[in-house]
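Structure first, commentary second.
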Amino acid sequence: MSENHVYPIKPEIEKHAYITAEKYDRLYKESIENPDTFWADKAKIIDWIKPFTKVKNVSFHEKDFHIKWFEDGSLNVCYNCVDRHLPKRKDQVAILWEGNNPKDARKITYGELYEEVCLFANALKKLGIKKGDRVTIYLPMIPELTFAILACARIGAIHSVVFAGFSASALASRIDDSESKLVVTTNFGHRGEKEIPLKATVDEALTLTTKQTIEKVLVMGKKATGLDPRDVVFEDLSKDLPKECPCEEMNAEDPLFILYTSGSTGLPKGVMHTSGGYLVYAALTHKYIFDYHEGDIYWCTADIGWVTGHSYIVYGPLANGATTLMFEGIPTYPTPARFWEVIDKYQVNIFYTAPTAIRALMREGDAHVKGTSRKSLRILGSVGEPLNVEAWEWYYHVVGNGQCPIVDTWWQTETGGILMTPLPGAMPLKPGTVAKPFFGIKPALYDDQGHEIQGPGEGSLVLLESWPGQMRGVFNSPGRFFITYFSTFPGVYLTGDGARRDSDGYYSITGRMDDVINVSGHRLGTAEIESALNFHDQVAESAVVGIPDDIKGQGICSFVLLKADQKAHENIAKELIQLVNEHIGPIAKPDKIYIVPGLPKTRSGKIMRRILRNLAAGKIKEVG
Ligand code: WT7
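Below, the structure is given as structure tokens:
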């Protein structure tokens, strides 16, 4: 990264902020030296049924591997996100819903949210869902998605939200792995001009599952025709159910949800988060990093199908009693001014989006932005992939009019919440960096041999200490958690990312060091895409690598080796894309497909991906 401009802390932001520079230094030191005292105090951000007496109980070492926080405390996550706000905020809007079509909008107060969630929880109970049962949720960005999530948390069921862009086959493997009893869906989703059939995809998925654990399909929205006896229409089921439902008392370490994410090998992993530590971490990071204050209108544009939506549309903001905006549509529909118009419409103060959206809108030109006011904005955020300096500057100057600090937040599905970011009232901003660790986070850079790099340098980013929001396991596969994250460098958590640290201790994320690629902030394993390509009857082997892409961050490049004596069908590219669509979904569509006569391999037979990456990026010149 070049020597960039540094933007000093803004006095008006500093005046308002919970965390100033002095406070950051003091609290950070305390959080590292005395995690038990620090977190015992910060855990008061949520309400406990039975207060904990133990705070941190962690070992990252193989002999005695365990991660527990607040282990003898009990709570209910839904109570914290809904019920406890009723005395003060019954009539305050909890969810501002903006539809795909600008004419569609809904406002749901905390009082209404309470009734909707209780009704949903009673519907789940009526379908026989009990504490510990898994519920797969395959819904678009409609308020019912949040009701479903919170209803699960209320009765102690474990939700597994599957992004509604995944294919039937991807949905089926997630249903099987989680052994869900119920799928919640609706007939269609809406994105721009497209109508996406969801119920039909669920029906197809259920023909592909191998375990047959699903007992019922709960269908939200208007009545569907031609329903299977397995289908239950929510409207019918809930007609006579009460709008009150008690909260289940959950231990801090009881699972709250599973969320599947791609790794470098094998099928996506069911990342499991538990109740107490996760909620404390989501709430605290939301409050301090976005400097959330009572009355702020907060908008995170992510889809709830990803962890960003779980932690920073639903759990963090609602635990803090915030007004959280939920947007069904896409940034460019009906025009590329949509984000900025929505900001003006609701007077949004805090706006959190992804680099891919920022770059795509930057390309559309400034006029779409400048036609709106955006005066309400105070803090801007970014997440999901590196925010390059050019896009940072545009976001800062054009979208934020030079008035709003940008929090570039680095974290992962596994981390539950943000781990590195600037705190807007505490740190000068350096474009292209994610600044410093949040409280309790102890990052380090390792070289290939596992030696810690001191001072400025670049290496593999690891975390030396646990934090409350850390994942607790891979669902259904206990050994995989340790092997994936703790076996490369003993005693520390391996993030899989590379990072650089400058002389001020600011970090920049350089990208994944494993076989994971990040396309428009969507995380994909190259092995998954290869496995889809290999289903083609002509394909012997394939190798997928990421290539730089100006908008998406990375694109997907695939090298395909045909079986001996095969000549490629005329339509092979189409057929291969179709296979990826079927097995994963349109988000994993290869940008480039090369049919090659061979793949470069090491003597032990491993594909040399670095060579392919350089070749794909045009870094290797053809000779001869
Ligand atoms: C990977 C995690 C965490 C929410 C969304 C993605 C990359 C994430 C940043 C950032 C550079 C980032 C990393 C990370 N990443 N945020 N601010 N700067 N890279 O969650 O799907 O689990 O992906 O996204 O490579 O490991 P995820």
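Under the numbering used here, the first residue of the sequence shown carries the number 483, and numbering increases by one thereafter. The beta carbon of each residue, even a glycine, is placed where N, CA and C say it ideally should be.
Minimum C-alpha distance to Trp874 - residue among Leu843, Thr767 and Gly853: Leu843
Give me the residue from Gln1060, Asn883 and Leu741 with the minimum Cα distance to Asn1107. The shown model of the chain, from 483 to 1106, leaves out residue 1107, and the question about it has no answer.
Would you check whether the ligand WT7 has a heavy atom nearer than 6 Å to the C-beta of Trp893? yes
So is the beta-carbon of Arg841 under 6 Å away from any non-hydrogen atom of the ligand WT7? no
Length of the line joining the Cα atoms of Ile888 and Pro904: 8 Å
May I have the straight-line CA-CA distance separating Pro750 from Val684, to the nearest angstrom? 19 Å
According to the neighbour-count rule (16 or more other Cβ atoms, all chains shown, within 10 Å of its Cβ), is Glu867 buried or exposed? buried
Tell me, please, which residues DSSP counts as bridged to Trp551. Lys538
Does the pairing of the segment 690–697 with the segment 656–672 give three or more beta-carbon distances under 8 Å? yes
Check whether the Cβ of Arg983 lies closer than 6 Å to any heavy atom of the ligand WT7, and answer yes or no. no
Looking at the structure shown, is Arg1095 part of a helix, part of a strand, or coil, going by DSSP? helix
Do you know how far the Cα of Lys538 is from the Cα of Ala646? 36 Å
Could you give the distance in angstroms between the alpha-carbon of Pro818 and the alpha-carbon of Gly882? 16 Å
Would Ile991 be called buried (16 or more neighbouring beta carbons within 10 Å of its own) or exposed? buried
Does the beta-carbon of Gly745 have 16 or more other beta-carbons within 10 angstroms, so that it is buried, or is it exposed? buried
Could you tell me which uninterrupted beta strand (DSSP E) segments, each at least 3 residues in length, are contained entirely in the segment 789–855, listed from first to last along the chain? 805–809 and 832–835
Asn583 by DSSP, collapsed to three states: which one? coil
Is it the case that the CB of Pro868 approaches a heavy atom of the ligand WT7 more closely than 6 Å? yes
Considering only the alpha carbon of each residue, which of Pro711, Lys545, His1018 and Val559 lies closest to Ala639? Val559
Which value, in whole angstroms, describes the spacing of the CA atoms of Val789 and Trp892? 12 Å
Ser793, buried or exposed, once every other Cβ within 10 Å from all chains shown has been counted against 16: buried
Ser484 (DSSP reduced to helix, strand or coil): With a pLDDT of only 47 at Ser484, under 50, the local geometry of the prediction cannot be trusted, and no value is derived from it.
Helix, strand or coil for Tyr760, going by three-state DSSP, please let me know. helix
When burial is assigned at 16 or more other CB atoms within 10 Å of the CB, is Ile531 buried or exposed? exposed
How many angstroms separate the CA atom of Leu1097 from the CA atom of Asp996? 18 Å
Near Tyr1076, what residues of its chain come up, given a Cβ to Cβ distance below 6 Å and the 5 sequence neighbours on each side ignored? Phe1041
Limits of the beta strand (DSSP E) - the one that Tyr1076 falls within: Lys1074 to Val1078
From Glu810 to Leu946, what distance separates their C-alpha atoms? 38 Å
Cβ contact (3+ pairs, closer than 8 Å) linking the segment 796–810 and the segment 580–587: yes
Where Cys729 sits in the DSSP three-state scheme: coil
Residues in the same chain with beta-carbon distance under 8 Å from Gln829, minus the five sequence neighbours each way, listed in chain order, please. Ile779 and Ser858
Is it a yes or a no for the segment 906–923 touching the segment 501–514, going by three-plus beta-carbon pairs under 8 Å? yes
Straight-line Cα distance separating Gln885 from Glu496: 13 Å
Where Glu735 falls, given that 16 or more other Cβ within 10 Å makes a residue buried: buried
Residue range of the beta strand (DSSP E) that includes His672: Phe670 to Arg673
C-beta contact flag for Val617 and Leu664 at 7 Å: yes
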